[in-house]
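Written below as structure tokens is the structure these notes are about.
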Amino acid sequence: MQLLKLKETINFMKLRLPAMVLSTVLILGSLVSLGVNSLNWGLDFTGGTLIEVGYEDAADLEAIRLQLAENNFPDAIVQNFGSSTDVLIRIAPREGVKAATIGDQVIEILRAANAGVEKRRIEFVGPNVGEELTEQGGLAMLVALICILIYVAARFEWRFALGSVSALVHDVILTLGLFSVLQLEFDLTVLAAVLAVIGYSLNDTIVVSDRIRENFRKIRKGEPVEIINISLTQTLNRTIITSLTTVLVLLALFFVGGALIHGFATALLFGVVVGTYSSIYIASSVALALGISKEDLMPPQVEKEGEDLDAMP
Numbered sequence: 002m003q004l005l006k007l008k009e010t011i012n013f014m015k016l017r018l019p020a021m022v023l024s025t026v027l028i029l030g031s032l033v034s035l036g037v038n039s040l041n042w043g044l045d046f047t048g049g050t051l052i053e054v055g056y057e058d059a060a061d062l063e064a065i066r067l068q069l070a071e072n073n074f075p076d077a078i079v080q081n082f083g084s085s086t087d088v089l090i091r092i093a094p095r096e097g098v099k100a101a102t103i104g105d106q107v108i109e110i111l112r113a114a115n116a117g118v119e120k121r122r123i124e125f126v127g128p129n130v131g132e133e134l135t136e137q138g139g140l141a142m143l144v145a146l147i148c149i150l151i152y153v154a155a156r157f158e159w160r161f162a163l164g165s166v167s168a169l170v171h172d173v174i175l176t177l178g179l180f181s182v183l184q185l186e187f188d189l190t191v192l193a194a195v196l197a198v199i200g201y202s203l204n205d206t207i208v209v210s211d212r213i214r215e216n217f218r219k220i221r222k223g224e225p226v227e228i229i230n231i232s233l234t235q236t237l238n239r240t241i242i243t244s245l246t247t248v249l250v251l252l253a254l255f256f257v258g259g260a261l262i263h264g265f266a267t268a269l270l271f272g273v274v275v276g277t278y279s280s281i282y283i284a285s286s287v288a289l290a291l292g293i294s295k296e297d298l299m300p301p302q303v304e305k306e307g308e309d310l311d312a313m314p
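Residue numbers (our numbering): 2 to 314.
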């Protein structure tokens, strides 16, 4: 299936310099925001109190938020959990106050407005657990990038490996920068989405790199820029179809999936867009800037047994 019937090669690499400038500006802006604002860590990382309650009828989340804000809990995160009658409340840790005490206070506030509120569970996530999750999450991304670097270098060529990892680092930094600038909550579901962005972007980059390698071997005459443009044009339909179907699913999750996976859908939606962009303008541009050529991708010639004897007079 082809959405676009392209008769001519699109000159993608014509815009590689403006694209690199744009990416550099966005990366610097993201790093500045991460340094100044940091991330809005969720309770998975910071620790805090988690309270699950049940209502007889559909719960009014805005009214619950207002009740808690009026009673010294303005930072409470209120979400539906499973159904419209189940509510999950998350509150950041408070110095000198036990989680059980906070949970009981919240239950009393809610029952003052609705006596039918049912307490389901009260849990406490300690800050030590949060620190461990932060460390392990960062380590998981680092290990993933190193493994990808080794895999792509072994399968293709070291220039493509550096291009692929550059694209992945680009996608991760911009996604983190988005959450830092907008101060969206960063929890374990968002971390999972960032790791999924790495996988999605890598898949797209591998497809493009494979086509570039194939065309370098197939097209005898042609400059590297021309061959890369041909390869990107040939994979454009596949890229559009893959991205479009993924975006449609993520839009459904974003608008209908509920607050619990809102951050997950946001990170993946943004990641799919920048991942598609980076596969074209980051991975390919870096490989081109490093001087990729036909000779680098040609398979090594294997001498046949007895070839030297046949060549002797």
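All residues carry an ideal CB built from backbone N, CA and C; glycine is no exception.
Just so you know, these numbers come straight off a predicted model, no measurement behind them.
| Query | Result |
| --- | --- |
| Rounded to whole angstroms, what is the Cα-Cα separation between K8 and P225? | 20 Å |
| With a threshold of 16 other CB atoms inside 10 Å of the CB of Q137, please say whether the residue is buried or exposed. | exposed |
| Per DSSP, what kind of secondary structure is K219 in: helix, strand or coil? | helix |
| Distance check for N216 and A290, CA to CA, integer angstroms please. | 18 Å |
| Mark A70 as exposed unless 16 or more other C-beta atoms lie within 10 angstroms of its C-beta, in which case mark it buried. | exposed |
| Is any beta-carbon of chain B found at less than 8 Å from that of R214? | Reference to chain B is not applicable here, since this structure consists of a single protein chain. |
| Is there contact between the segment 156 to 171 and the segment 237 to 248, where contact requires at least three CB pairs shorter than 8 Å? | no |
| According to DSSP, is T247 part of a helix, a strand, or is it coil? | helix |
| Assuming N81 is part of the alpha helix (DSSP H), what are its boundary residues? | No alpha helix (DSSP H) contains N81, which is instead part of the beta strand (DSSP E) from I78 to F82. |
| How would you label F256, buried or exposed, when you count the other beta carbons within 10 angstroms and need 16 or more for buried? | exposed |
| With a cut-off of 8 Å on the beta carbons, I'd call V88 and I65 a contact; round off their distance for me. | 7 Å |
| Just the C-alpha distance for I108 and L27, rounded to the nearest angstrom, thanks. | 44 Å |
| Roughly how many whole angstroms lie between the Cα atoms of L310 and A155? | At L310, the pLDDT of 48 sits below 50, so the modelled position is not reliable; the number obtained from the coordinates is stated separately. Spanning the two alpha carbons is a distance of roughly 33 Å. |
| Express the C-alpha separation of T277 and I1 in angstroms, rounding to a whole number. | Absent from the structure is residue 1, since the part of the chain shown begins at 2 and ends at 314. |
| What separation, rounded to the nearest whole angstrom, lies between the Cα atoms of I199 and F271? | 12 Å |
| What is the residue span of the alpha helix (DSSP H) that L32 lies within? | R17 to V37 |
| Run through DSSP, which three-state label would R1 get? | Nothing about residue 1 can be read from this structure; the chain reaches only from 2 to 314. |
| Which word fits G178, buried or exposed, when buried means at least 16 other C-beta atoms lie within 10 angstroms of its C-beta? | buried |
| L35 and S181 look like a contact to me (Cβ under 8 Å); what is the Cβ gap, rounded to whole Å? | 5 Å |
| For G83, count neighbouring C-beta atoms within 10 Å of its own C-beta (all shown protein chains included) and say buried if the count is 16 or more, exposed if not. | exposed |
| Would a C-beta distance cut-off of 8 Å place D205 and T240 closer than the cut-off? | yes |
| Buried or exposed: where does I228 fall if 16 or more other Cβ atoms within 10 Å of its Cβ makes it buried? | buried |
| Which one of L249, S280, P75 and F13 has the shortest CA to CA distance from P94? | P75 |
| Is it true that the CB of G104 sits closer than 8 Å to the CB of V287? | no |
| Assign G258 to one of three DSSP states: helix, strand, or coil. | coil |
| Let me confirm a value: T25 is counted as buried when at least 16 other C-beta atoms fall within 10 Å, else exposed. Which label applies? | exposed |
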